[in-house]
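J.: Let me begin by handing over the structure; questions about it come next.
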Amino acid sequence: MCGIVGYTGRLDSVPILLEGLKRLEYRGYDSAGIAVLAGKGISLRRVAGKIARLEESLSKDNGRMAGPTGIAHTRWATHGVPSERNAHPQLDLSGRIAVVHNGIIENYEALKKFLAKEGHTFRSETDTEVLAHLIGHFYDGTLETAVQKALREVRGTYGIAVVSSDEPEKIVGARNGSPLVVGVGQGENFVASDVCAILRHTRQVVYLADQEMAVLTPDAVRTTTIENESIDKEIEEIAWNLEMAEKGGYEHFMLKEIFEQPRSIENGMRGRLVEETGDAHLGGLNLSEEKLRSLRRIIITACGTSWHAGLIGEYMIEEFARIPVEVEYASEFRYRSPIIEEDTLVVAISQSGETADTLAAMREAQRKGAKVLGICNVVGSTIAREADGGIYIHAGPEIGVASTKAFTSQITVLAILTLLLARMRAMSQADGQRMVRALREIPSQVEQILAKADQVRAIAKAHKNHANFLYLGRGYNFPIALEGALKLKEISYIHAEGYPAAEMKHGPIALIDKNMPVVFIATRDAAYEKMLGNLQEVKARHGRIIAVASEGDTLIAEKADHVITIPRTLDALTPILAVIPLQLLAYEMAVERGCDVDQPRNLAKSVTVE
0 MCGIVGYTGR
10 LDSVPILLEG
20 LKRLEYRGYD
30 SAGIAVLAGK
40 GISLRRVAGK
50 IARLEESLSK
60 DNGRMAGPTG
70 IAHTRWATHG
80 VPSERNAHPQ
90 LDLSGRIAVV
100 HNGIIENYEA
110 LKKFLAKEGH
120 TFRSETDTEV
130 LAHLIGHFYD
140 GTLETAVQKA
150 LREVRGTYGI
160 AVVSSDEPEK
170 IVGARNGSPL
180 VVGVGQGENF
190 VASDVCAILR
200 HTRQVVYLAD
210 QEMAVLTPDA
220 VRTTTIENES
230 IDKEIEEIAW
240 NLEMAEKGGY
250 EHFMLKEIFE
260 QPRSIENGMR
270 GRLVEETGDA
280 HLGGLNLSEE
290 KLRSLRRIII
300 TACGTSWHAG
310 LIGEYMIEEF
320 ARIPVEVEYA
330 SEFRYRSPII
340 EEDTLVVAIS
350 QSGETADTLA
360 AMREAQRKGA
370 KVLGICNVVG
380 STIAREADGG
390 IYIHAGPEIG
400 VASTKAFTSQ
410 ITVLAILTLL
420 LARMRAMSQA
430 DGQRMVRALR
440 EIPSQVEQIL
450 AKADQVRAIA
460 KAHKNHANFL
470 YLGRGYNFPI
480 ALEGALKLKE
490 ISYIHAEGYP
500 AAEMKHGPIA
510 LIDKNMPVVF
520 IATRDAAYEK
530 MLGNLQEVKA
540 RHGRIIAVAS
550 EGDTLIAEKA
560 DHVITIPRTL
570 DALTPILAVI
580 PLQLLAYEMA
590 VERGCDVDQP
600 RNLAKSVTVE
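In numbering that gives the first Met the number 0, the protein residues as written are 0 to 609.
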């Protein structure tokens with residue numbers, strides 16, 4: 000959600016800031032703006048809508064808006080409708096301080112009343128303008144001091160970048176619950192909410208933790224706490240390059256990421272499987288073998304697509320490791336006073352490692368005495384730093400808002416975690432070897448499914464005008480029904496629901512007629528015969544049937560209107576394969592309907608507010 004870019008150096012900041020904003024478009028936004036320190040004041044330009052409108056507005060200036068220090072922002076509306084006056088940057092009362100802000104200031108109304116009594120008037124509906132005025136209220140010639148004083152009065156989440164025309168070579172950044180990274184260059188320094196925004200210019204970065212701030216000038220970066228305690232931060236090097244975040248000839252990032260899955264799944268397994276003994280190795284868990292053996296309960300907490308991966312993890316761990324598992328929505332977990340018993344492990348799953356609800360759930364679990372493992376994709380993210388141990392999925396940058404390769408990588412590492420736990424408890428060496436071999440076959444099996452993209456495109460063309468879809472699955476494929484429906488909703492704006500197939504008779508069957516496409520995930524697993532019965536029930540009511548089936552299944556082919564086949568594998572690993580055609584179906588439906596695939600309306604890549 001929202002994007003921040005800041006630059007101070009020797010070059011004109013405007014093209015650098017605009018380029019950075021474009022690399023943050025995938026996060027979701029509804030307005031954009033830029034503030035540049037030029038001469039003795041701040042040059043400000045904001046627009047409702049896309050960055051292209053901001054560029055168009057700036058082009059009319061014939062380059063008059065220029066300067067070596069500036070900040071820029073893409074906003075996803077929280078307080079106030081999308082509009083020019085609510086866009087960031089926001090100015091203080093004097094017009095000499097500009098602020099960009101990700102997050103929510105929870106006590107902004109109380110602060111606004113206080114400032115109003117001090118003579119402040121406000122032009123926007125945003126909490127960010129209140130923060131800008133509060134910084135201006137405390138400003139006495141040193142920007143970082145004013146920011147520190149203001150933030151001590153603030154309750155809520157923030158990632159901010161602040162500039163003042165009185166100190167034209169300085170940017171102050173700070174964070175609490177919303178990510179912020181500092182890019183370190185030569186004679187120039189950067190601040191951003193995501194490394195993608197600055198990766199063209201530097202791979203040397205400093206990740207700020209909560210309650211930390213950085214003061215940037217062209218030649219130096221100084222880090223402190225909000226309480227002005229000096230801290231030394233390690234400079235880290237980003238392992239991936241800019242080309243990995245480019246489209247690489249694909250029409251959309253989502254399509255590129257769907258086709259990257261053979262490689263991303265393989266990366267998640269690399270160095271972690273031992274076929275000779277049927278074992279798994281996971282460095283970074285920071286849990287002893289004795290602790291892992293003594294686990295009596297696991298709680299998996301996540302949101303959205305990661306929650307669906309957690310459901311599959313639940314089925315795997317319970318079947319093979321025989322440990323009771325609960326899967327909790329992170330947004331509910333933190334508010335319902337969960338019971339954390341001795342020998343309970345909490346697993347927090349988040350692609351970005353910054354999901355606000357998942358981070359809050361993780362912290363609540365730690366407060367109650369649980370050990371927490373993080374499963375995430377982004378090195379240096381907050382969950383990765385604050386968890387007691389963890390597993391990186393190594394999927395590479397995922398730019399499309401609708402998660403694809405991160406989901407299959409999450410399932411992959413959950414399978415590896417399952418193997419690790421199961422071999423300590425109940426799984427034989429032969430069964431472990433069987434799982435290792437099956438995992439290693441998955442990348443090539445995914446490639447076989449991707450080769451059928453044209454077949455999926457034809458199905459999408461035939462169904463693009465339908466307003467509702469139903470997705471049905473059983474066992475390991477029930478979470479895939481949920482995920483397939485979610486993908487269709489996210490990017491094509493078609494209403495879709497996922498159900499356990501047996502639940503169809505408890506209500507949804509009333510919806511089925513010739514205008515209701517029903518997607519069955521009906522592979523040759525333990526629930527296959529039951530799925531055939533459900534399929535017959537839909538066919539008897541003239542429902543249109545799209546089936547994901549196992550290769551060689553002639554029974555399904557006789558009953559369904561359309562069949563997409565996938566290779567056979569272990570039941571527990573089938574979800575990794577079964578979701579691929581559903582990702583392609585959602586993508587092709589969105590393309591057919593003319594939707595913005597990579598930036599679906601109202602959505603954001605990383606949800607950093609509640």
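Think of the CB as a built atom: it goes at the ideal place given N, C-alpha and C, for glycine as much as any other residue.
Unbroken alpha helix (DSSP H) runs of length 4 or more, entirely within the segment 435 to 481: which are they?
T.: Qualifying alpha helix (DSSP H) stretches, in chain order: 452 to 462.
J.: I want to know whether the segment 161 to 176 touches the segment 32 to 46 - three or more CB-CB distances under 8 angstroms.
T.: Counting Cβ pairs under 8 angstroms, three or more are found: they touch.
J.: Under 8 angstroms, do MET588 and SER491 count as touching if we go by C-beta distance?
T.: In contact: MET588 and SER491 (Cβ atoms closer than 8 angstroms).
J.: Look up HIS280 in the DSSP assignment and say whether it is helix, strand or coil.
T.: HIS280 falls in the coil class under three-state DSSP.
J.: Along the beta strand (DSSP E) that carries ASN188, what are the first and last residues, could you check?
T.: ASN188 -> beta strand (DSSP E) spans 188 to 191.
J.: Does TYR314 come out as helix, strand or coil in the three-state DSSP assignment?
T.: TYR314 falls in the helix class under three-state DSSP.
J.: Please report the distance separating the alpha-carbon of LEU57 from that of PRO167.
T.: Each residue's Cα considered, the two are about 21 angstroms apart.
J.: For SER30, collect the residues of the same chain with a Cβ closer than 6 angstroms to its Cβ; drop the 5 residues on either side in sequence, then sort them by chain order.
T.: So the list reads ALA47, ARG74, PRO81 and ALA86, once near-sequence residues are dropped.
J.: Which runs of the alpha helix (DSSP H), 4 residues or longer, sit entirely within the segment 140 to 169?
T.: Fully enclosed alpha helix (DSSP H) runs of 4 or longer: 142 to 150.
J.: Check whether the Cβ atoms of GLY32 and ALA71 lie closer than 8 angstroms to each other.
T.: For GLY32 and ALA71, yes; Cβs fall inside 8 angstroms.
J.: Terminal residues of the continuous beta strand (DSSP E) containing LEU36?
T.: 30 to 37 is the extent of the beta strand (DSSP E) around LEU36.
J.: Please list, in chain order, all residues of the same chain as VAL13 whose beta carbon is under 8 angstroms from its beta carbon, the five residues on each side excluded.
T.: ILE33, VAL35, LEU57, MET64, ALA65, GLY66 and GLY69.
J.: Tell me which residues share the same chain as MET530 and place their Cβ nearer than 7 angstroms to its Cβ, disregarding the 5 neighbours each side in the sequence.
T.: Result list for MET530: ARG473, ALA500, PHE519 and ALA521, in chain order.
J.: Considering only residues of the segment 328 to 352, which uninterrupted alpha helix (DSSP H) runs meet the minimum length of 4 residues and lie entirely inside it, listed in chain order?
T.: If we require 4 residues or more, the alpha helix (DSSP H) runs fully inside the segment 328 to 352 come out as 329 to 332.
J.: On the CB-based measure, 16 or more other CB atoms within 10 Å of its CB, does ALA213 come out buried or exposed?
T.: Answer is buried; the Cβ neighbour count reaches 16.
J.: Quick check on the burial criterion: 16 or more other C-beta atoms within 10 angstroms. Buried or exposed for ASN601?
T.: Burial call: exposed.
J.: Classify PRO88 as buried or exposed, calling it buried when 16 or more other Cβ atoms lie within 10 Å of its own Cβ.
T.: The residue is buried, with at least 16 neighbouring Cβ atoms inside 10 Å.
J.: Between which two residues does the beta strand (DSSP E) holding VAL220 run?
T.: It spans 219 to 224 - the beta strand (DSSP E) in which VAL220 sits, taken as one unbroken run.
J.: The alpha helix (DSSP H) spanning GLY135 covers which residue range?
T.: It spans 126 to 137 - the alpha helix (DSSP H) in which GLY135 sits, taken as one unbroken run.
J.: Find the nearest neighbour of LYS463 within the set LEU23, LYS488, GLU187 and MET423, judged by alpha-carbon distance.
T.: Nearest option by C-alpha distance: LYS488.
J.: Checking the sheet assignment: what are the DSSP bridge partners for GLY611?
T.: Shown here, the chain extends from 0 to 609; a query on residue 611 therefore has no answer.
J.: For TYR6, report the span of its alpha helix (DSSP H) as first-last.
T.: It is not in any alpha helix (DSSP H) - TYR6 instead sits in the beta strand (DSSP E) that spans 2 to 7.
J.: So ILE544 is in the beta strand (DSSP E); what residue range does that whole segment cover?
T.: It spans 543 to 549 - the beta strand (DSSP E) in which ILE544 sits, taken as one unbroken run.
J.: Report yes or no: do three or more beta-carbon pairs, one from the segment 248 to 267 and one from the segment 361 to 374, lie closer than 8 angstroms?
T.: Judged by Cβ distances under 8 angstroms, the segment 248 to 267 makes no contact with the segment 361 to 374, as fewer than three pairs qualify.
J.: I'd like to check one pair, THR381 with ALA320: are the Cβ atoms closer than 8 angstroms?
T.: Taking 8 angstroms as the Cβ cut-off, ALA320 and THR381 do not qualify as a contacting pair.
J.: So, using beta-carbon positions, are LEU16 and TYR28 closer together than 8 angstroms?
T.: In this structure, TYR28 does not lie closer than 8 angstroms to LEU16 by Cβ.
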